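In this note's numbering, the protein residues as written are 74 to 468. Idealized CB from N, CA, C, for every residue including glycine. These numbers come from a predicted model, not from an experiment. What follows is a single structure, written as C-alpha cells, with notes after it.
As C-alpha cells, then:
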C-alpha cells in the first residue's frame, strides 16, 4: 500500500499530482498517460500473478483504450469535420464572407464587429474546433478592425467571444465526444445546442452594437466613399454567403433530419468543401496539402488526449476516485439547483488550466451518476456544460 494510503486516498493523490503537473506546464496528454500508467501499475500490482516486470494489467488496459478510441464509429466524424473546416479556411472562403458581411452591415454601429461575429458563427458551423476559428479571425478580422480605428481591447474581445462559439454550435466536436462519454444521441445534442448557440451569438452582436452606440469612438463607422453601390454589395453577399450556407444546411440538415450520421454528414461536408474550393477557384495543391497536414496533426493531438484521459480515468475509477466524489455530493443533501450551481462552478474553474477533453473524460463521468440521482435531464446538463466551457475558454 502506497505510504499506507487506501485506494480512494491514492486516487485523490493522483488527481492532485495531475493538477499540479498541469499548472507547472507539462504537456497534458503525456502527463495523463504517465499518471495513468504509473498509478495504474500500482493499482493492478499483484506479485503472485506477475511473471515479469511488464506483466501488469495496466499495459493491457492502455492498449485496449487506444484501440477503443481508434475503433469508435462516432469519433470518425472528428477528422472529417476538421478537414472540412480547414479546407474552408485555406480556400479563402471565410475571408470573402467576412468582407461581404462587413459591407452589408455598414449602417450598423460596430459593423465590422458584427461582421466578425456573424462570420465566426457561420464558420463554427463549418468546423467543430475553436482554435481554427480564433486563429483565422485573429489573422483576418483583428488587423482590419484595428486599422479601421477600433479599440484593441474591444476588437480582441469580439474575436475571442465569437471564436469560442465553435465549442457549442453544431457540428461541435465537443458535443460528439460528450455523446460518446455520456452515451447520448449526438443528433439530440446537436438539436439542443442550436438555439443556445445562436442566442449567445445574438447576445454578443447586441452587446457590440449597444457598446458602440454608447461610445462610438471604440468602433468608428466606415467612410461613405469606402462603401460600394448596393448592387455590388448584394452580389458579394450572394456569392460568398449562399454557397457556404448551402454547405452548412446540407451537413446539419442531414444530421438533424436523421438522414445521415455525424460521420456520414462530415464526409459529405468535406466533399462539399472541396467543391466550394473549386467553385471559388482557390483550390491549390498547397492549400489542399496544408489542410490534410493540419487535419492529421489536430486529429492526432485530440486522439492522444483521449487515450491519455481514458487511461487516467480508468485507473482513477478503479481506485475508487469516482465513488469518493459521488458519496461526498450525496452526503451534502443538496437540491437539484444547488448541485447544478456547484458542478458548473467546478467546471468553470477547471476550464482555466485544462482542455475540454480532460474535463469531459475525467470529470464528467464523476457527475453523470449524480445527474440521474438528482433527477436532472442529461441533455440539459450537457448544454450547461457546453455553455460553461464556452465561457471558461474566454478566461
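Nearest neighbour of residue 264, chosen from 460, 452, 466 and 461 [CA to CA]: 452
Coil, strand or helix - residue 99 by DSSP: coil
Quick check: what's the CA-CA separation for residue 397 versus residue 222? 54 angstroms
Using a Cβ-Cβ cut-off of 7 angstroms (strictly less than) and excluding sequence neighbours within five positions of residue 449, which residues of its own chain qualify? 409 and 413
Counting Cβ pairs, one atom from each stretch, are 3 or more of them under 8 angstroms apart for the stretch 177 to 189 and the stretch 241 to 256? no
Identify, in the order they occur along the chain, each residue of the same chain with its Cβ nearer than 6 angstroms to the Cβ of residue 461, setting aside the five sequence neighbours on each side. 417, 420 and 421
Throw me the rounded Cβ distance for the residue 160 and residue 364 pair, which I believe falls under 8 angstroms. 5 angstroms
Just how far apart, CA to CA, sit residue 138 and residue 358? 36 angstroms
Leaving out five residues before and five after residue 371 in sequence, what residues of the same chain have Cβ atoms less than 6 angstroms from its Cβ? The answer, listed in chain order, is 155.
For the putative contact between residue 165 and residue 194, defined by C-beta atoms under 8 angstroms, what is the C-beta separation to the nearest angstrom? The beta-carbon distance between residue 165 and residue 194, rounded to whole angstroms, is 19 angstroms. This is too long to meet the 8 angstroms contact definition.
Could you tell me which whole alpha helix (DSSP H) segments of length 4 or greater appear in the stretch 142 to 171? 150 to 163
Quick check on this structure: which residue in 466, 467 and 455 has the alpha carbon closest to the alpha carbon of residue 248? Nearest of 466, 467 and 455 to residue 248, Cα basis: 455.
When we look at the beta-carbon of residue 118 and count the other beta-carbons within 10 Å, is it buried (16 or more) or exposed? The residue is exposed, with fewer than 16 neighbouring Cβ atoms inside 10 Å.
For a test of the three-state rule: what should DSSP assign to residue 261, helix, strand or coil? helix
If you draw a straight line from the C-alpha of residue 390 to the C-alpha of residue 226, how long is it? Spanning the two alpha carbons is a distance of roughly 43 angstroms.
Less than 8 angstroms between the beta carbons of residue 335 and residue 147, yes or no? yes
Please classify residue 180: does DSSP put it in a helix, a strand, or coil? coil
What's the gap between the Cα of residue 509 and the Cα of residue 447? With the chain covering 74 to 468 only, the question about residue 509 has no answer from this structure.
Supposed close pair residue 244, residue 339 - CB separation, criterion 8 angstroms: Between residue 244 and residue 339 a beta carbon distance of about 7 angstroms is seen, short of the 8 angstroms cut, so the two are scored as contacting.
According to the Cβ coordinates, are residue 431 and residue 126 closer than 8 angstroms? no
Apart from the five residues on each side of it in sequence, which residues of its chain come closer than 8 angstroms, Cβ to Cβ, to residue 116? 80, 83, 131, 388, 391 and 392
Residue 133 versus residue 436 - alpha carbon distance: About 23 angstroms.
With DSSP collapsed to three states, give me the class of residue 79. Taken through DSSP and simplified to helix, strand or coil, residue 79 comes out as coil.
Return the CA-CA distance between residue 286 and residue 279, expressed in angstroms with no decimal places. 10 angstroms
In angstroms with no decimal places, state the Cα-to-Cα distance between residue 379 and residue 94. 18 angstroms
Assuming residue 238 contacts residue 411 (C-beta within less than 8 angstroms), just tell me the rounded distance between them. Residue 238 to residue 411, Cβ: 29 angstroms. No contact.
DSSP-derived helix/strand/coil call for residue 129: In the three-state DSSP reduction, residue 129 falls in the coil class, being neither helix nor strand.
Quick one: Cα of residue 361 to Cα of residue 351, how far? Approximately 11 angstroms, taken between the alpha carbons.
Collapsed DSSP secondary structure at residue 292 in the structure displayed: coil
Boundaries (first-last residue) of the alpha helix (DSSP H) holding residue 370: 358 to 391
Let me check understanding here. Comparing Cα to Cα, which of 192, 345 and 320 lies closest to residue 274? 192
Residue burial classification, residue 169 (beta-carbon count within 10 angstroms, cutoff 16): buried
Limits of the alpha helix (DSSP H) - the one that residue 463 falls within: 451 to 465
For the alpha helix (DSSP H) that contains residue 117, what are its first and last residues? First-last for residue 117: undefined, no H or E at that position.
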